[in-house]
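J.: My questions all concern the structure below.
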Amino acid sequence: MINTRLKFLAIVIATSFLHIVVYKEYFSILLIDTLILLLVVVFFRDAITFYKDKISITFYFLLFIMSFHNILMIGSIPFFIKEGLQSVELIFFYNIIRKFTSTKQSANKIIHYIFILSSVLFGIILIYVFIEGLHGGQLKKVSLPNVIAPLLALSFFYNKNYIFSKKFREIVFLVSIIAVYFGLLSLSRTFAMVLFLIMLSSLMYKSKIIAFSVKIAFIALFVLLLTTYSAKYENNISVIVNHITSDTAFGHDQYIELNTLKTTISNRQRINQLKYIYMVLNNNILLGKGNGEASSNANLHGILPTILVDYGVFIFILFIVLLWFVYQLSKKNILLYGSPDDYAMHYYFIYSLVFLLFVGNGIFSILPFIISMAFIASKRNNPASFGGH
């Protein structure tokens, strides 16, 4: 029975990689929403434990404060209901993952199942890509980067994990190489950022000397780029700052005013969205614009900028504090134990951070963080094992 539950939980987590909408009359309901509900009602209603450690309490308090904010600045009843239900959904989902990753054995099984399922999804999408002849940016439309990014993070679970045969680990390595190739081929800046940060992080955990060298090199590179390009693109920077801080009312098509900048339309639209963020915070920095305003008015991408605009700086800082708690615990787990699942979930956490910054603004974008937070916060300090007890 326990293996059935672990497999179903892995299926639900793997499904979270796909943005599949099953209802969108008054508000959007994703396939993952219905699966989490099924998870709670059918499989786990007798096995839910509500955890009370620092990370869990901060998470609950954050959702409570956001719900209270929604009551104060309610814009529409459907939005308020949707946000309330999703908060409950996230709490249940988090605690269910915590419950079933509380031992090394179960955590390792779930990670392995998720990797296998994501590899299957990757293969299915690739077949569709070849049949349709898709290439370049078209690969993003079939959720390819959304599947590849977590697959890449979880592949570190098999690095020097001698529970698995050498042949299987070589297959994992090959799948990862192919995944990275198609991720870069998709021209997804989100995937490129995930790949860069994972590579940087993996270098920093090799040794203290390498970590120190990487930090110095990164700071030096940042200073070099800042001093070199700030002078070269001084006029562009001036145009951007003036556009963001001008008294002109925000408009979706105002990115046209940035045509003098030698960059893509997408980048000009993102710069224009910064104007909306500046305008909202300038008027109400504490409470923000009100729930749902960011997505409806400016179509912001990323949970973090959306929270800043919708909920104000206080709730935004609280969310940053939660992220910091999770990061610190993940770093501690690696330094103290350094087991394959600790590394895999640390890189999964990095992938979730990039999603929080750049992808969408609904539950789809926050689920990777909820998953990584639950794994990282789980207490599973017994010796790592996959098949034994």
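817 is the number of the first residue of the sequence shown in the numbering used here; add one for each residue after it.
Don't be surprised by glycine CBs; every beta carbon is placed ideally from N, CA and C.
Keep in mind it's a predicted model, so treat the numbers as computed, not measured.
Please work out which residues of its chain come closer than 6 Å, Cβ to Cβ, to alanine 1190, disregarding the five sequence neighbours upstream and downstream, and give them in chain order.
T.: Tyr910, Ile913, Arg914
J.: Could you give the uninterrupted runs of the alpha helix (DSSP H) lying entirely in the region 886-970, keeping only those of 4 residues or more?
T.: Secondary structure remark: continuous alpha helix (DSSP H) runs of at least 4 residues inside the region 886-970, in chain order: 893-916, 920-948.
J.: Which class does leucine 990 belong to by DSSP, given the choice of helix, strand or coil?
T.: helix
J.: Across the region 899-909 and the region 923-935, are there enough close Cβ pairs to call them in contact, namely three or more that are closer than 8 Å?
T.: no
J.: Just checking my contact of serine 935 with valine 991 at CB under 8 Å: how many whole Å lie between their CB atoms?
T.: 6 Å
J.: Are the beta-carbon atoms belonging to isoleucine 881 and isoleucine 1131 less than 8 Å from one another?
T.: yes
J.: Which of the three DSSP states is assigned to isoleucine 829 in this structure?
T.: helix
J.: Does the separation of the CB atoms of phenylalanine 824 and leucine 853 fall below 8 Å?
T.: No. Outside cutoff.
J.: With H, G and I counted as helix, E and B as strand and the rest as coil, what does DSSP make of isoleucine 979?
T.: Isoleucine 979 carries a coil assignment under DSSP once its states are collapsed to helix, strand and coil.
J.: With respect to the alpha helix (DSSP H) encompassing valine 1129, which residues constitute its N-terminal and C-terminal limits?
T.: 1129-1152
J.: Span of the alpha helix (DSSP H) holding tyrosine 974?
T.: Here tyrosine 974 belongs to no alpha helix (DSSP H), and DSSP marks it neither H nor E.
J.: Which one of Tyr944, Asn962, Gln921 has the shortest CA to CA distance from isoleucine 836?
T.: Nearest C-alpha to isoleucine 836: Asn962.
J.: Leaving out five residues before and five after lysine 956 in sequence, what residues of the same chain have Cβ atoms less than 8 Å from its Cβ?
T.: The residues are Ser1002, Leu1003, Ser1004.
J.: Please state the DSSP three-state secondary structure of isoleucine 1123.
T.: helix
J.: Measuring only the C-alpha atoms, how far is threonine 917 from phenylalanine 972?
T.: 18 Å
J.: Would a C-beta distance cut-off of 8 Å place histidine 885 and tyrosine 1127 closer than the cut-off?
T.: yes
J.: Below 7 Å, is the gap between the Cβ of tyrosine 1094 and the nearest heavy atom of the ligand COA?
T.: Of the ligands one can find in the structure shown there are none, so the ligand COA has no counterpart to examine.
J.: Express the C-alpha separation of tyrosine 1153 and threonine 1122 in angstroms, rounding to a whole number.
T.: 36 Å
J.: Leaving out five residues before and five after alanine 1193 in sequence, what residues of the same chain have Cβ atoms less than 6 Å from its Cβ?
T.: Ile871
J.: Quick check on the DSSP output: the alpha helix (DSSP H) that includes tyrosine 867 runs from which residue to which?
T.: In the DSSP annotation of this structure, tyrosine 867 is not part of any alpha helix (DSSP H), being labelled neither H nor E.
J.: What is the DSSP secondary structure of valine 838, counted as helix, strand or coil?
T.: strand
J.: Quickly, what does DSSP pair leucine 1102 with across the bridge? List them, please.
T.: DSSP output for leucine 1102 lists no bridge partner at all.
J.: To the nearest angstrom, how far is it from the Cα of histidine 1117 to the Cα of tyrosine 1092?
T.: 12 Å
J.: Assuming contact is defined by CB atoms lying nearer than 8 Å, are isoleucine 845 and tyrosine 839 in contact in what I supplied?
T.: yes
J.: Using only CA atoms, which one of Leu1124, Ala1160, Asn1149 lies nearest to leucine 1173?
T.: Leu1124
J.: Which residues in the same chain as lysine 982 place their Cβ atom closer than 6 Å to its Cβ, once the five residues preceding and following it in sequence are excluded?
T.: Closer than 6 Å at the Cβ level, and outside the excluded window around lysine 982, lies no residue.
J.: Rounded to the nearest angstrom, what separates phenylalanine 998 and leucine 1102 at their Cα positions?
T.: 42 Å
J.: Taking the C-alpha atoms as reference points, what is the distance between asparagine 975 and valine 828?
T.: 25 Å
J.: Find the nearest neighbour of tyrosine 867 within the set Leu822, Phe859, Tyr876, judged by alpha-carbon distance.
T.: Tyr876
J.: Return helix, strand or coil for leucine 1003, following the three-state DSSP convention.
T.: coil
J.: Do aspartate 1158 and isoleucine 1166 have their C-beta atoms within less than 8 Å of each other?
T.: no
J.: Is the beta carbon of valine 792 less than 8 Å from the beta carbon of valine 1170?
T.: Past the boundaries of the shown model lies residue 792; the chain is included only from 817 to 1205, so the question cannot be answered.
J.: Let me know the secondary structure DSSP gives leucine 1097 once reduced to three states.
T.: helix
J.: Give a yes or no on whether the C-beta atoms belonging to leucine 1134 and leucine 878 are separated by under 8 Å.
T.: yes
J.: When the Cα atoms are used, what is the spatial distance from serine 901 to leucine 1013?
T.: For clarity, residue 901 is leucine in the given sequence; the question names serine instead. Roughly 33 Å separates the two Cα atoms.
J.: Among Ala969, Ile1186, Ile1136, Phe1007, which residue has its Cα nearest to the Cα of proline 1156?
T.: Ala969
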